[in-house]
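Visitor: If you scroll down you'll find the structure; I have some questions about it.
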Amino acid sequence: KARPTVFLGLAGPLIAAGLRKVIRDLIVSGAVDVVVSTGAIIYQDIYASFGHGHYKGEIEADDSVLRQLNIDRIYDTYIDDEQVVRTDRFCKLVADELPPGNYSSRAYLAALAERLEDEESILYHCHKLGIPVFVPALNDSSIGIGLTEHQVRARAQGKPFVSIDAIQDNYELVQIVVKSPKTAAFYVAGGVQKNYINDSIVMSYIFGHERGHDYALQITTAVTQDGGLSSSTLSEGRSWGKIKSEARCAMAWVEPSVALPLLAGYVFGKQLTK
């Protein structure tokens, strides 16, 4: 059977939870064809690419004291705020080097990836292997902070600047969908990424296609009772045409730092990427 194009949706503090190498190994093994992520995950990957660490901390820490020490807290992990500022600056400087104009998030992230040299990096290997990375809410991250500084400085100098074109992302992603014989989705948590991948399936009607994922898997801790999209069942997606009526799908309400290594181990052990 033809292998489907596999979309990996990433949300939540996955790198702070220690999952960077697991995600990197899924990419390198060939298990994934397209990545759709939060800006925070890609940013944390870039931050780590420069050798900046995540440190074990305390949940009950005095956050006012941490602020005085330039320590940023992500639940029970700490990162160095001075290194965060340097990483923001890197995002700004890359934008400064690019020709002004509109870019999809994929194109801008590719420019960032070209300047990375870390073999443990998710973004580095995606670029090396030709796996597109989309961040549909790029402004909602520290990458967005760097891009905002780029625009503010350029405006002050009367210069043209780089802008992120979110609809260009839509166009590029749906092109992948319509050129794929089949599609499948693996959602780690939910959020914008989950709906964005699913909407790319719906948008294929623009090109005369009526599609639906052939299979889908989600691991999440979100509850279904509030009707939120992060927890909306994959079965619910059938009513929208996002997932085929006959598709195989499964949801596991398990915390991703527990579930993702187990699932990745199964994929590698069974050689499912071959």
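All residue numbers for the sequence shown refer to our numbering, where the first residue is 139 and numbers rise by one.
Where is the CB? At the ideal position from N, CA and C, for every residue including glycine.
(1) Measure the CB-CB distance between residue 358 and residue 403 and report whether it falls below 7 Å.
(2) Could you say which of 240, 336, 164 lies nearest to residue 373 if we only look at CA atoms?
(3) Please name the residue in 278, 347, 206, 162 whose C-alpha comes closest to that of residue 146.
(4) By DSSP, does residue 343 sit in helix, in strand, or in coil?
(5) What whole-angstrom Cβ distance do residue 261 and residue 180 have, given they're in contact under 8 Å?
(6) Got a sec, what are the start and stop residues for the beta strand (DSSP E) residue 148 sits in?
(7) Is residue 374 helix, strand or coil by DSSP?
(8) Would you grab the beta carbon distance between residue 271 and residue 177 for me? Rounded to a whole angstrom, and I think it's under 8 Å.
(9) Thinking C-alpha only, which one of 197, 218, 390 is nearest residue 206?
(10) Excluding the 5 residues flanking residue 316 on each side, which residues of the same chain have their C-beta closer than 7 Å to its C-beta?
(11) The beta strand (DSSP E) with residue 215 in it runs from where to where?
(12) Does DSSP classify residue 186 as helix, strand or coil?
(13) Pick helix, strand or coil for residue 362, following the three-state DSSP scheme.
(14) Any contact between the segment 246-261 and the segment 208-217? By contact I mean 3 or more CB pairs, one from each, below 8 Å.
(15) Counting along the chain, where does the alpha helix (DSSP H) carrying residue 159 start and finish?
(16) Name the two residues that bound the continuous alpha helix (DSSP H) containing residue 286.
(17) Spell out a yes or no on whether the segment 382-396 and the segment 349-365 are touching, meaning 3 or more CB-CB pairs, one atom from each, closer than 8 Å.
(18) Determine the DSSP secondary structure at residue 240, reduced to helix, strand or coil.
(19) Which class does residue 173 belong to by DSSP, given the choice of helix, strand or coil?
(20) Along the chain, where does the beta strand (DSSP E) containing residue 301 start, and where does it finish?
(21) Does the separation of the CB atoms of residue 288 and residue 332 fall below 7 Å?
(22) Considering only C-alpha positions, which residue in the set 143, 326, 208 is nearest to residue 223?
(23) Can you tell me whether residue 360 is buried or exposed? The criterion is at least 16 other CB atoms within 10 Å of its CB, across all chains shown.
(24) State the DSSP-derived secondary structure class of residue 382, mapped to helix, strand or coil.
(25) Pick helix, strand or coil for residue 271, following the three-state DSSP scheme.
(26) Does residue 151 pass the burial test, meaning 16 or more other C-beta atoms within 10 Å, or should it be called exposed?
(27) Quick check: the segment 272-286 against the segment 231-244, are at least 3 beta-carbon pairs closer than 8 Å?
(28) Assign residue 164 to one of two classes, buried (16 or more other C-beta atoms within 10 Å of its C-beta) or exposed (fewer than that).
(29) If I measure Cβ to Cβ from residue 349 and keep anything under 6 Å in the same chain, skipping five residues before and after, which residues do I get?
Guide: If we stick to the structure as given:
(1) Cβ distance not < 7 Å, so residue 358 and residue 403 don't count as in contact.
(2) With distances taken between Cα atoms, residue 373 lies closest to 336.
(3) Taking only the C-alpha atoms, the option nearest residue 146 is 162.
(4) Helix, per DSSP.
(5) The beta-carbon distance between residue 261 and residue 180, rounded to whole angstroms, is 6 Å. This is short enough to meet the 8 Å contact definition.
(6) DSSP places residue 148 in the uninterrupted beta strand (DSSP E) bounded by 143-148.
(7) In this structure, DSSP gives residue 374 a helical state, which the three-state scheme calls helix.
(8) At roughly 11 Å, the Cβ-Cβ gap does not stay under 8 Å, so residue 271 and residue 177 are not in contact.
(9) Looking only at 197, 218, 390, the smallest Cα-Cα distance to residue 206 is reached by 218.
(10) Short of 7 Å from the beta carbon of residue 316, and not among the five residues preceding or following it, lie these beta carbons of its own chain, in chain order: 342, 345, 347.
(11) Taken as a continuous stretch (DSSP letters only), the beta strand (DSSP E) holding residue 215 covers 215-218.
(12) DSSP places residue 186 in helix when its eight states are reduced to three.
(13) The answer is coil: DSSP assigns residue 362 none of H, G, I, E or B.
(14) Contact between the segment 246-261 and the segment 208-217 is absent, because fewer than three Cβ pairs lie under 8 Å.
(15) Unbroken alpha helix (DSSP H) run through residue 159: 158-167.
(16) From DSSP, the alpha helix (DSSP H) with residue 286 extends over 280-294.
(17) In this structure the segment 382-396 lies against the segment 349-365, because at least three pairs of beta carbons, one per stretch, are closer than 8 Å.
(18) Note: residue 240 maps to strand in three-state DSSP.
(19) Three-state result, residue 173: strand.
(20) 300-302 is the extent of the beta strand (DSSP E) around residue 301.
(21) Going by C-beta atoms, residue 288 is not nearer than 7 Å to residue 332.
(22) Closest option to residue 223, Cα to Cα, is 208.
(23) Result: buried.
(24) In the three-state DSSP reduction, residue 382 falls in the strand class (E or B).
(25) In the structure shown, residue 271 adopts extended strand secondary structure according to DSSP, grouped into three states.
(26) It counts as buried.
(27) The answer is yes - the segment 272-286 touches the segment 231-244, with three or more Cβ pairs under 8 Å.
(28) Under the 10 Å beta carbon count, residue 164 is surrounded by 16 or more other beta carbons and is classified as buried.
(29) 339, 342.
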